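Residue numbers (the UniProt record's numbering): 1 to 352.
All residues carry an ideal CB built from backbone N, CA and C; glycine is no exception.
Computed from a predicted model, the values in this text were never measured in an experiment.
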Amino acid sequence: MGRFKNNKKSRVIVKPISKKNQEDVSHVTGDKIPKSFVFSRMKLPPSVRQLQMDLRKLMLPYTALSLKEKKRNTLRDFLNVSGPMGVTHFLMLSKTASALNLRVARTPQGPTLTFKIHQYSLASDVAQSQTRPRCPQDLFKSPPLIVLSGFGSQELHLKLATIMFQNIFPSIDINTVKLSTCQRLVLLNYNKDTKLIDFRHYSIRLQPVGVSRRIRKFVQNHQVPDLRNLQDVSDFVTKAGYGSESEGDEEAATVTLSSDLGRVNKGATKSAVKLQEIGPRMTMQLVKVEEGLCTGGIIFSEYENVDGKKENVKKKKDEEADDEEEEDSEEEEEGGEGSEEDGEGMDEDFED
1 MGRFKNNKKS
11 RVIVKPISKK
21 NQEDVSHVTG
31 DKIPKSFVFS
41 RMKLPPSVRQ
51 LQMDLRKLML
61 PYTALSLKEK
71 KRNTLRDFLN
81 VSGPMGVTHF
91 LMLSKTASAL
101 NLRVARTPQG
111 PTLTFKIHQY
121 SLASDVAQSQ
131 TRPRCPQDLF
141 KSPPLIVLSG
151 FGSQELHLKL
161 ATIMFQNIFP
171 SIDINTVKLS
181 TCQRLVLLNY
191 NKDTKLIDFR
201 HYSIRLQPVG
211 VSRRIRKFVQ
221 NHQVPDLRNL
231 QDVSDFVTKA
241 GYGSESEGDE
251 EAATVTLSSD
261 LGRVNKGATK
271 SAVKLQEIGP
281 RMTMQLVKVE
291 EGLCTGGIIF
301 SEYENVDGKK
311 ENVKKKKDEE
321 ADDEEEEDSE
331 EEEEGGEGSE
341 EDGEGMDEDF
351 ED
C-alpha cells in the first residue's frame, strides 16, 4: 500500500483536452498539430510562477493550461503522460541563485535547447504600461503566427533553434488559411552582436482605411449614437475622429483583404494592420544544446566556447614565452664563455 500511495502522489495531473476543440491532424497542411507542456523543475518564486502561466497562455490552444506538477514528479512522469496525449514539446523553467533558464525540448528523444533569460516582463506589466490594453477573450482560440528575424546564420546551433521554433506551433498554408484565425504573433529577433534573442508576443488587429473611429464603433457595436450635441447627422459622419490612428493609412502598413473579416473589414478593401504587445516579453540567450531530452552529448555550449577561448589565449601566451626564452638562451651561447658566477646562476635557473 505504501508503494501505491507514493506512485499516486507522483502522478502528473492534467485536465483532459476536449476532442471537439482539438484536432490530431491539421486541416490546413495535414501535419500533426504540435502540443506542449509548460512546467517547472523546481520551486519558483511568485513572479517566475506567473511567467510560467503567461507562457502557458501564449501556447494556447494546444497546451495543458491546468497542468499541475508536484515536487515528486520527475521528467519520466511527464513523458509517460505526454505520449498518450500527443505532446511534442516541453517548455521547462528553472530558477537558480545565479540565473533563470528556459529549456525547450522535443519529445521523446530531444534535442534540448537551454536559454538563459536575462530580462523578462509579465503580461500584466505590459498591460499596465499601455493606455488602452487590448486582450479579447477569443484571442487565444487559435495558435499564434511565428516570425523569426536574424536567424539566417549557418551555425548549427542557430539552425536547430530555427527548426525548434518553427515546429513548436502549427504550420499554415497562406493560400488556404482563414484570416479570422490570425489574431496573434510571436516574434523572435536574434542580435548577432550581442547573441541575445528578443521574444515578443503581439495581438493582430485590422482597421479599415479611411473610416473614422465613430463610424467603426457604430458598425461594430450596433448602438444608437448620441446626437444631442450635433446639428445634423452629417456632422456625426464627417467629423474627424482618427487621432493617432491616422498613421495606419500609410501604404507600408496596409493590406488588401482577400475575404471579409468581421463587420467592418470587407474583402477587396484596404485595412491597416496594427500590432499591440500583450506579453510576456523576454530577452534570452542560447547557452546550450543537447542531443537528447535534457541528456546526451552537448552539441553547443556558450560557456565552453568562452573557456576554450581563454585556454587558447593562455596557450598562445605560453608558447610565445617559450620562444622568447629559447631566443635568449641562443644569444647567451653566442656571447662566449661567461664568469663562473654567471654559469652557476644559469644552472640554478635551469634546475628551478
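Cα separation between Asn189 and Leu122? 19 Å
If you check the beta carbons only, do Leu185 and Pro144 fall under 7 Å apart? yes
Measure the CB-CB distance between His201 and Ile278 and report whether it falls below 7 Å. yes
So Thr107 and Ser129 are in contact, right, with Cβ under 8 Å, and what is the actual spacing, rounded? That belief does not hold up - the Cβ atoms of Thr107 and Ser129 are roughly 36 Å apart, past 8 Å.
Cβ shell of Gly292 (< 8 Å), same chain only, five flanking positions each side left out: Gln109, Gly110, Pro111, Thr112
Run of the beta strand (DSSP E) containing Ser129, from where it starts to where it stops: Per DSSP, Ser129 belongs to no beta strand (DSSP E) and is neither H nor E.
What residue range is occupied by the uninterrupted beta strand (DSSP E) comprising Pro208? 196-208
Distance, Phe37 Cα to Ala105 Cα: 10 Å
Grouping DSSP H, G and I as helix and E and B as strand, with all else coil, what is Lys288? strand
Coarse secondary structure for residue 355, derived from DSSP in three states: The requested residue 355 does not occur in the structure, where the chain is confined to residues 1 to 352.
Could you check which residue in Lys288, Gln137, Gln276 has the C-alpha nearest to that of residue 408? Residue 408 is absent from the structure shown; the chain starts at 1 and stops at 352.
Looking at the structure shown, is Phe151 part of a helix, part of a strand, or coil, going by DSSP? coil
Got a sec? Which residues, its chain only, sit under 6 Å from Val58 by beta carbon, not counting five neighbours each side? One detail in the question is off: residue 58 reads as Leu in this sequence, not Val. So the list reads His201, once near-sequence residues are dropped.
With a Cβ-Cβ cutoff of 7 Å, do Val289 and Leu158 count as a contact? no
Which residue's Cα is closest to the Cα of Pro84: Lys35, Thr74, Pro136, Thr176? Lys35
From the DSSP output, which residues share a beta bridge with Glu277? Tyr202
Met42 and Lys95 look like a contact to me (Cβ under 8 Å); what is the Cβ gap, rounded to whole Å? 7 Å
Pairwise C-alpha distance: Lys178 and Pro208: 18 Å
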